[in-house]
Amino acid sequence: MIHNKTLYFFVATIVTFIIAAWDYSMVSSKNSALTMIFLFSQLLVVSAYLLFAIKSKPEVVVYPIFWFYVVYTLYYSVGPLIYFTGHVASLEAMNAYHAVNTASIKQTNLINSLFIMITTFVFLFFSGAILSNNNSFSLKDLISQENSTRYAVIMLVVGLPVKIFLYLPIMFGMIDADASKVVHFVSMFPSLSIIFLTISFGSFKYSRLLTFSVFVLEFLLGVLSLSKFLVLLPFISLIIGLAFCNKFKGIFFSAIVAILVYISIVPVVTQSRNFILNMSGNISDANYAQRVAIIGSVAIYGKESSDIEKIGWWTRLSYVNAQAFALEQYDKNLPGESLKYAALSFIPRVLWPDKPEISFLGRYFNTIATGSDSSASAPGFAAESYWNFGYSGVLILAFIFGLSISLFSLYSSIVIYSGGIVYLLVIFIGINIAIRVDGWIAMSYSAPLVMALLVHIFIKIITSIRFKT
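Going letter by letter, the sequence shown gives residues 13 to 481 in the working numbering.
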């Protein structure tokens, strides 16, 4: 049985879609009042539902659908608001990527609201009942602190060397190679270990020191990576760990701190990225020492922030310009072909060594949009699907994405209530897919699905061998 508030939420997504469609029907009008009403309505509706869900069931934070709503609200409700309340200079800087107008914003709002409405419908149809499960749990009932500590140590021992000596050197241009999906996934182990360290917090002499040290290290490495996702990943892991222990106040406090840290660190990250790009033209062309020097210099001796930099965190949440360009390309009979590479991503490279590279998608898109390949940013799943196949593409992808998120959320629920904590890595892949809804479908959706299946099979084999012995 689906909770009444969940049904109300779905009805609310329909209402917000109707508002967006009504607003788009008046696309010739430059009046933005209805556009503002839509953005604030979507923000309030989703935020209210998230607060209800997490307060009634803290463990909902391990469901990918929860994180989908979090990031979708940030990217497609909070982000676009900058066009109505932001500083003129910041809007000019954003329009340097691709100029947008009121009509562009109305159309991007329409496809975004359509995407979230279809995704919500599919989720409710297949897995909505999991949010109505009245069972409450504490992870301490499912896993001992001793085992939790053991899992954390294993992830640190395996993940830290891979991250520090392989993944980051590749990302920083110190090793001339491409980081495989496996290497990228393993490099996140140290941040994920924070989940288990949070559970075992205080269970042994140096647990507090270890947890704090790992958290700070992962945060600093995220800053060095100049990646907002890697900066926030330790906070996400902390929130998941607290949720497993039914610490609602801790979750709320951690979320507030994460928001404040994000707002504070983005100006430094933005200036540092710009410095590296101006220096070499490629964000990867800076090693450990250079990044430490650049970030330190910007943080300590950097110039006084301009109006643009003061709200740099806000501009990083807006995808309107990239989305508008993708939509205009299709409307000009210049559709994209990126989804054919999404199909190729389902085939592991070990089975097809000569599989075409797909990492060029971001550079190609930004080249045709701006004339520069220094960025690999994406328009997001909804806009990319429209770029390829128009509104039919949005409908189809939203259904497929909603089905995937539903199954991942159902999988998470089964894992939680059956005590199969060893499958937490698979759950996190689902969360990662939900969080990266702003990425490229081939790299942020298709490839991780294959990774999730392989990780599940691997864990299944390992646990079977262990029980047999």
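Backbone N, C-alpha and C fix where the C-beta goes; we use that ideal spot for every residue, glycine too. Everything numeric in this text was worked out from a predicted model, so none of it was measured.
- Query: Looking at the structure shown, is leucine 329 part of a helix, part of a strand, or coil, going by DSSP?
  - Reply: Your numbering for residue 329 matches position 317 in the sequence shown. Three-state DSSP puts leucine 329 in coil, outside helix and strand.
- Boundaries (first-last residue) of the alpha helix (DSSP H) holding serine 59: The residue you call residue 59 lines up with position 47 of the sequence shown. Start and end: 45 to 68.
- Query: Taking isoleucine 288 as the reference, which of Trp326, Arg303, Leu339, Tyr353 has the closest Cα?
  - Reply: Stepping through the sequence shown from its first residue, residue 288 is reached at position 276. That would be Arg303, whose Cα lies nearest to the Cα of isoleucine 288.
- Query: Mapping DSSP to helix, strand and coil, what is alanine 191?
  - Reply: The residue labelled residue 191 in the question sits at position 179 within the sequence shown. Of the three classes helix, strand and coil, the one that applies to alanine 191 here is coil, per DSSP.
- With proline 92 and asparagine 121 assumed to form a contact (beta carbons below 8 angstroms), what rounded beta-carbon distance in angstroms separates them? Walking along the sequence shown from the start, residue 92 turns up at place 80. Walking along the sequence shown from the start, residue 121 turns up at place 109. The pair is a contact, with the Cβ atoms about 7 angstroms apart (cut-off 8 angstroms).
- Task: Determine the closest residue to phenylalanine 184 out of Glu349, Gly234, Val169, with distance taken between C-alpha atoms.
- Result: The residue you call residue 184 lines up with position 172 of the sequence shown. Minimum Cα distance to phenylalanine 184 is reached at Gly234.
- Rounded to whole angstroms, what's the CA-CA distance from leucine 52 to threonine 97? Just pull it up for me. Sequence index remark: in the sequence shown, residue 52 carries index 40 (1-based). Sequence index remark: in the sequence shown, residue 97 carries index 85 (1-based). In the sequence on display, residue 52 carries phenylalanine and not leucine. Those two C-alpha atoms are separated by around 12 angstroms.
- Whose CA, out of Ile207, Ser458, Ile380, lies closest to the CA of valine 74? The sequence position of residue 74 within the sequence shown is 62, counting from 1. The residue with the shortest Cα to Cα distance from valine 74 is Ile207.
- Task: Could you say which of Leu126, Met167, Ala108 lies nearest to phenylalanine 197 if we only look at CA atoms?
- Result: Residue 197 sits at position 185 when you count from the first residue of the sequence shown. Of the listed residues, the one whose Cα sits closest to phenylalanine 197 is Met167.
- Can threonine 327 and isoleucine 94 be called in contact, C-beta distance under 8 angstroms? Residue numbering aside, residue 327 sits at position 315 when the sequence shown is read from its first letter. Residue numbering aside, residue 94 sits at position 82 when the sequence shown is read from its first letter. The Cβ atoms of threonine 327 and isoleucine 94 sit closer than 8 angstroms to each other.
- Whose C-alpha, out of Met186, Lys17, Leu46, is nearest the C-alpha of isoleucine 30? As a position in the sequence shown, residue 30 is number 18, starting the count at 1. For the residues Met186, Lys17, Leu46, the minimum Cα distance to isoleucine 30 belongs to Leu46.
- Using the Cα positions of isoleucine 271 and isoleucine 445, report the straight-line distance between them to the nearest angstrom. Counting from one through the sequence shown, the residue named residue 271 turns up at place 259. Counting from one through the sequence shown, the residue named residue 445 turns up at place 433. Between isoleucine 271 and isoleucine 445, the C-alpha separation is close to 21 angstroms.
- Message: Quick check: what's the CA-CA separation for alanine 191 versus serine 40?
- Response: As a position in the sequence shown, residue 191 is number 179, starting the count at 1. As a position in the sequence shown, residue 40 is number 28, starting the count at 1. C-alpha separation (whole angstroms): 47 angstroms.
- Message: Cutting at 7 angstroms between CB atoms, please list the residues of its own chain near aspartate 385, excluding the five before and the five after it.
- Response: In the sequence shown, the residue the question calls residue 385 occupies position 373. Around aspartate 385: Arg375, Asn378, Thr379.
- Buried or exposed by the 16-neighbour rule on C-beta atoms within 10 Å, applied to tryptophan 452: Reading the sequence shown from its first residue, position 440 is the one you call residue 452. Buried, since its Cβ has 16 or more Cβ neighbours within 10 Å.
- Task: Quick one: give me the first and last residue of the alpha helix (DSSP H) that valine 281 is part of.
- Result: Looking up residue 281 in the sequence shown gives position 269. Element bounds for valine 281: 260 to 292.
- Query: At which residue ranges does the region 159 to 239 contain complete alpha helix (DSSP H) runs of 4 or more residues, listed in the order of the chain?
  - Reply: 180 to 183, 193 to 198, 201 to 211, 219 to 237
- Query: Does the region 214 to 233 come close enough to the region 334 to 354 that 3 or more CB-CB pairs lie under 8 angstroms?
  - Reply: no
- In its own chain, which residues sit with a C-beta less than 6 angstroms from the C-beta of isoleucine 182, not counting the 5 before and 5 after it? Mapped onto the sequence shown, residue 182 falls at position 170. Hits under 6 angstroms: Ala189, Ala191.
- Item | phenylalanine 265 versus aspartate 366: straight-line alpha-carbon distance, rounded | If you number the sequence shown from 1, residue 265 lands on position 253. If you number the sequence shown from 1, residue 366 lands on position 354. Looking at the two C-alpha atoms, the distance is approximately 48 angstroms.
- Task: Just tell me which of Val58, Phe127, Met186, Asn159 has its CA closest to the CA of asparagine 299.
- Result: Residue 299 sits at position 287 when you count from the first residue of the sequence shown. Ranking the options by Cα distance to asparagine 299, first place goes to Met186.
- Item | Distance between glycine 402 and isoleucine 117 (C-alpha atoms, nearest Å) | On the sequence shown, residue 117 is found 105 positions in, with the first residue counted as 1. On the sequence shown, residue 402 is found 390 positions in, with the first residue counted as 1. Taking the straight line from one Cα to the other gives about 16 angstroms.
- Query: Cα separation between phenylalanine 255 and valine 438?
  - Reply: Numbered from its first residue, the sequence shown carries residue 255 at position 243. Numbered from its first residue, the sequence shown carries residue 438 at position 426. Reading off the sequence, residue 255 comes out as alanine, not phenylalanine. Whole-angstrom Cα-Cα distance: 18 angstroms.
- Just curious, the alpha helix (DSSP H) that methionine 106 is in, first and last residue? Sequence index remark: in the sequence shown, residue 106 carries index 94 (1-based). Element bounds for methionine 106: 100 to 107.
- Task: Look at the Cβ atom of alanine 388, then the Cβ atom of alanine 334, and state whether they are nearer than 8 angstroms.
- Result: Within the sequence shown, numbered from 1, the residue matching residue 388 stands at position 376. Within the sequence shown, numbered from 1, the residue matching residue 334 stands at position 322. No; because the gap between Cβ atoms is not below 8 angstroms, this pair is not in contact.
- What's the C-alpha gap between serine 276 and serine 89? Position 264 of the sequence shown holds residue 276. Position 77 of the sequence shown holds residue 89. Each residue's alpha carbon lies about 21 angstroms from the other.
- Message: Could you give the first and the last residue of the continuous alpha helix (DSSP H) run that contains valine 73?
- Response: Counting from one through the sequence shown, the residue named residue 73 turns up at place 61. No alpha helix (DSSP H) contains valine 73, which DSSP labels as neither H nor E.
- Let me know if aspartate 35 comes out buried or exposed under the rule of 16 or more other beta-carbons within 10 Å of its beta-carbon. Residue numbering aside, residue 35 sits at position 23 when the sequence shown is read from its first letter. Under this definition aspartate 35 is a buried residue.
- Rounded separation between valine 406 and leucine 436 - CA only: Here the question's residue 406 lines up with position 394 in the sequence shown. Here the question's residue 436 lines up with position 424 in the sequence shown. Approximately 30 angstroms, taken between the alpha carbons.
- Task: Verify whether the separation of the beta carbon atoms of valine 226 and leucine 209 is less than 8 angstroms.
- Result: Along the sequence shown, one-based indexing puts residue 226 at 214. Along the sequence shown, one-based indexing puts residue 209 at 197. Yes; because the gap between Cβ atoms is below 8 angstroms, this pair is in contact.
- What first and last residue would you give for the alpha helix (DSSP H) that runs through glutamate 396? Position 384 of the sequence shown, counting from 1, holds the residue named residue 396. That run of the alpha helix (DSSP H) goes 393 to 430.
- Cα-Cα separation, glutamine 119 to histidine 468: Residue mapping note: residue 119 aligns to position 107 of the sequence shown, counting from 1. Residue mapping note: residue 468 aligns to position 456 of the sequence shown, counting from 1. Distance between the alpha carbons of glutamine 119 and histidine 468: 39 angstroms.
- Out of curiosity, what's the CA-to-CA distance linking isoleucine 211 and leucine 62? If you number the sequence shown from 1, residue 211 lands on position 199. If you number the sequence shown from 1, residue 62 lands on position 50. Straight-line Cα distance between these residues: approximately 23 angstroms.
- Distance between phenylalanine 247 and isoleucine 370 (C-alpha atoms, nearest Å): In the sequence shown, counting from the first residue as 1, residue 370 sits at position 358. In the sequence shown, counting from the first residue as 1, residue 247 sits at position 235. Approximately 30 angstroms between the Cα atoms of the pair.
- Query: So, are the CB atoms of phenylalanine 21 and valine 57 less than 8 angstroms apart?
  - Reply: Translated into positions along the sequence shown, residue 21 becomes position 9. Translated into positions along the sequence shown, residue 57 becomes position 45. Yes, they are a contact pair.
- Message: With H, G and I counted as helix, E and B as strand and the rest as coil, what does DSSP make of aspartate 35?
- Response: Walking along the sequence shown from the start, residue 35 turns up at place 23. In this structure, aspartate 35 counts as helix in the three-state DSSP scheme.
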